[in-house]
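Chemist: There's a structure below that I have some questions on.
In the numbering used here, the protein residues as written are 480 to 845.
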């Protein structure tokens, strides 16, 4: 418990004990004369009030933590009020017992009620009223603090999301990727003009898609698939029979959403972290399973190289790549919808990213 909270409980508990004690003395004897002579009773009542305050703080704190962990919501006013009333009533009973046994130990409760008619009812009414006021004030203060925390958390997540998208953009416009693509175009011009022309068009489409969509938190699966197909063509032209990419996705691509560049980055990762050759090609498949998009590739040693004939080349990303890959994707999903990215390593390397439905976008764009 923070010292500031403890001091607040001590001050509020002491003030309430003073008011309660003064009202009790005034109601029973009609004046406050001699109130300071009853210091023993006052100290006991004050201790009771402070202990009830700490107990109330503990109970409400536990209830708040439990509800926020389970549902992310603030504790309802009804629960706050019930706990507050319970503690106030416990304090009232303790105060009455303390006062009776210190000053009227031999007088039965029935005689006290007859001697001071309506006193018990007055105390209960005051206790209930006090409990309601404290409950409303505490609930409003807690709701305000909770909204402030949500606002600050949202701002932080938005900033992280922008940074992650810029990291994704930076990885795609790296000089290394452009340099390799230009080298491929240079060699294609003398071998196959039509393929060279298509390569240039696809390269332009990749950059156009990256620049158009990187600011969006989500894009349709169809839009991402167009980027993946264009990027896949560039890589297959470069690595020829050493790379095989199979895409088998449902027709309703527009009904699913993914973070921009996420699937393309998974394909890039598979190429970057595996050895490829025409004898043992890298095989990448992109499918869907149980509301997940699954990118799976065979696991080959000596990562980062491709063998074409007798020549050994570095795969993209060995230099100039920020190395963000999977962590970038996992962090974006954590921020957007707080769903995990599944990774499985066996004879294949498999990454499954959640497919986001339209009805889940409210939490993204709120």
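Beta carbons: idealized from backbone N, C-alpha and C, even for Gly. Quick caveat, the model's predicted, so the values are computed rather than measured.
Spatial neighbours of residue 713 within its chain, please: CB distance less than 8 Å, with the 5 preceding and 5 following residues excluded, ordered by chain position.
Modeler: Result list for residue 713: 660, 663, 678, 681, 682 and 685, in chain order.
Chemist: Which whole-angstrom value describes the C-beta separation of residue 488 and residue 533, a residue pair presumed to lie in contact below a C-beta threshold of 8 Å?
Modeler: The Cβ separation is near 6 Å, so the contact holds.
Chemist: Which of the three DSSP states, helix, strand or coil, is assigned to residue 626?
Modeler: Of the three classes helix, strand and coil, the one that applies to residue 626 here is helix, per DSSP.
Chemist: Run through DSSP, which three-state label would residue 818 get?
Modeler: Correct three-state label for residue 818: coil.
Chemist: So does the segment 711-726 actually touch the segment 687-694, counting three or more Cβ pairs closer than 8 Å?
Modeler: With a cut-off of 8 Å, the segment 687-694 and the segment 711-726 do not count as touching, because too few Cβ pairs lie within range.
Chemist: With DSSP as the reference, label residue 750 as helix, strand or coil.
Modeler: In the structure shown, residue 750 sits in a helix (DSSP, three-state: H, G or I).
Chemist: If you follow the beta strand (DSSP E) that residue 775 is part of, which residue opens it and which one closes it?
Modeler: Its beta strand (DSSP E) spans residues 771-777.
Chemist: I need the straight-line Cα distance from residue 530 to residue 626, nearest angstrom please.
Modeler: Each residue's alpha carbon lies about 30 Å from the other.
Chemist: Considering only residues of the same chain and omitting the five flanking positions on each side of residue 830, which have a CB-CB separation below 6 Å?
Modeler: Within the same chain, residue 830 has close Cβ partners 745, 774 and 822.
Chemist: Candidates 722, 767 and 706: which alpha carbon is nearest residue 757's?
Modeler: Looking at the Cα atoms, 722 is the closest of the given residues.
Chemist: For the alpha helix (DSSP H) that residue 758 lies in, which residues bound it at each end?
Modeler: Where residue 758 is concerned, there is no enclosing alpha helix (DSSP H), given that its DSSP letter is neither H nor E.
Chemist: Over what stretch of residues does the beta strand (DSSP E) that includes residue 831 continue unbroken?
Modeler: From DSSP, the beta strand (DSSP E) with residue 831 extends over 827-833.
Chemist: Residue 672 and residue 700: beta carbons closer than 8 Å?
Modeler: Going by C-beta atoms, residue 672 is not nearer than 8 Å to residue 700.
Chemist: If we call anything under 8 Å between Cβ atoms a contact, is residue 704 one with residue 732?
Modeler: In contact: residue 704 and residue 732 (Cβ atoms closer than 8 Å).
Chemist: Quick check on residue 659: does DSSP put it in helix, strand or coil?
Modeler: Helix.
Chemist: List the residues that DSSP assigns as beta-bridge partners of residue 737.
Modeler: Per DSSP, 698.
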